[in-house]
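Below is one structure, written out as structure tokens, with a few remarks after it.
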Amino acid sequence: MKRKPALLLCVLFLFLLLLTSCGKSTTEGAYSAVDARGKTVSLSHEPRRILTDSLHLDETLLTVVPKSHLAGAYYLDGEPGLSFIAKETETLTKVREYTPERIAALQPDVFVVSDWSDPLLVKKVEEMGIPVFFCHGPVTVAQIEDNVRLLALLTRQEIVGRKVIARMERELDEIEEVTASQKGRKPVGILLSLMSQYGGAGSLYDELAARGGWVNGLSKGGLKNGMPLSKEAILAARPDFFLVSDPYPSEYEDYEHFLQGFFADPFYASLRDSVRMERLADRYVYDASPMAVYGIKKMSNHAYGKILFPDEPEELLKGYEP
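Each number in my numbering comes from the position in the sequence shown (counting from 1) with 266 added on.
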């Protein structure tokens, strides 16, 4: 009879052990990550199907994890004139219209957005129970690097993220060394773009120009990001060159119409003989991922009118082995 209580205790212990182990299996792998909003985002497991809503986030994400982690790709990822990941994403499902239904159909483990994203869409996706993780819509190089940290945290690839940032810093150090060695007055450039209110003080472009060792004529002319180009700003800037971002195919007609209209004005037409025209692919002007370092180099070459940075393979700044 004395053995019966001991047997009951043993059975009870085994039952509790089984119950505990079952509880662990339902939450195994669960973790949380703090996003750019400072919000803690909970995930049931390490994400294997990640969807973002923009080119710069897809580019940044692919420096941290391979393409097999993407549930889909932004439609402009495949445009080589604008994207550094056209080859990597060529087999992925492209998304042009982001609706709650389209996002749900791709079954992402997490939807990655930025403060440039549609807040109403974000709200609806969260209401569907899909975790939403915020990054920056970067206006500084520091925010690009922070996006790497955030996505590395989200994917539990912190060591990989640190390697990506180290690669960026090596590129930036090289750029600083080369541009600091240039003698004389820094060239002044004015951006001509369909995004006619982009590029003034406070924009990412403004910092990329400064890091490239030349002067952004928009900010020199007193324009802040979001303000339209004006004749007064051009007169104040006294530019050495116009930087014209070459369009990708679907935008070609719009760009040509814009330039024709711009130089139809006698004031702007009068500048053609004294101000250089420098054309450069969109991806070097607008990129907001770690590959923006390539844009700094290309824009610097055009600003100085000579090769400061020879052509090189423009590979993704991955922190992992292929």
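For glycine and all other residues, C-beta sits at the position ideal for the given N, C-alpha and C.
In this text the structure is predicted, and so the values were computed from the model without any measurement.
Between residue i and the ligand COA, is the CB less than 7 Å from at least one heavy atom?
i: L474; result: Among the components of this structure there are no ligands whatsoever, and the ligand COA is therefore not found.
Evaluate residue i with the Cβ neighbour count: other Cβ atoms within 10 Å of its Cβ, from every protein chain shown; 16 or more gives buried, anything less gives exposed.
i: S485; result: buried
i: P588; result: exposed
i: Y518; result: exposed
i: P453; result: buried
i: A499; result: buried
i: E392; result: exposed
i: A558; result: buried
i: I573; result: exposed
i: Q526; result: exposed
i: M434; result: buried
i: A418; result: buried
i: R368; result: exposed
i: L495; result: buried
i: M461; result: exposed
i: K563; result: buried
i: M515; result: Before going on, a small fix: residue 515 reads as Pro here, not Met. Flag for P515 reads exposed.
i: P332; result: exposed
i: P313; result: buried
i: T365; result: exposed
i: L501; result: exposed
i: R538; result: exposed
Quick one: what does DSSP say residue i is sitting in, helix, strand or coil?
i: E578; result: coil
i: T292; result: A caution first: T292 carries a pLDDT of 40, below 50, which makes its placement in the model unreliable, though a value can still be read off. Looking at T292 - three-state DSSP - the assignment turns out to be helix.
i: F400; result: strand
i: N482; result: strand
i: D512; result: strand
i: T326; result: helix
i: K268; result: Only weak support exists for where K268 lies, its pLDDT of 47 falling under 50; the coordinates are left without a value.
i: L419; result: helix
i: V559; result: helix
i: I316; result: strand
i: Y586; result: coil
i: V405; result: coil
i: L495; result: coil
i: I573; result: coil
i: S566; result: helix
i: A432; result: helix
i: F279; result: Bear in mind that the predicted position of F279 carries a pLDDT of just 49, short of 50, making it too unreliable to give a figure here.
i: K390; result: helix
i: L489; result: coil
So residue i packs on residue j, CB below 8 Å; how close in whole Å?
i: G450; j: W480; result: Not confirmed; about 12 Å, so no contact.
i: E473; j: V407; result: 6 Å
i: V405; j: S469; result: 6 Å
i: I441; j: G478; result: 7 Å
i: K497; j: F533; result: 6 Å
(Q) Just to confirm the assignment: which complete alpha helix (DSSP H) runs, minimum length 4, are found wholly within the segment 441-478? (A) 470-477
Q) What runs of the alpha helix (DSSP H), each 4 residues or longer, lie entirely inside the segment 332-388? A) 366-371
Q) On the three-pair Cβ rule with 8 Å, is the segment 543-553 touching the segment 509-518? A) yes
**Q.** Uninterrupted alpha helix (DSSP H) stretches inside the segment 498-556 (no shorter than 4 residues)
**A.** 518-530, 532-535 and 548-552
Q: Report yes or no: do three or more beta-carbon pairs, one from the segment 577-586 and one from the segment 428-437, lie closer than 8 Å?
A: yes
Q | Meets three-Cβ-pair contact criterion under 8 Å: the segment 374-382 and the segment 346-360 | A | no
Q: Decide yes or no for the touch test of the segment 334-345 against the segment 306-326: beta carbon pairs closer than 8 Å, at least 3 of them.
A: yes
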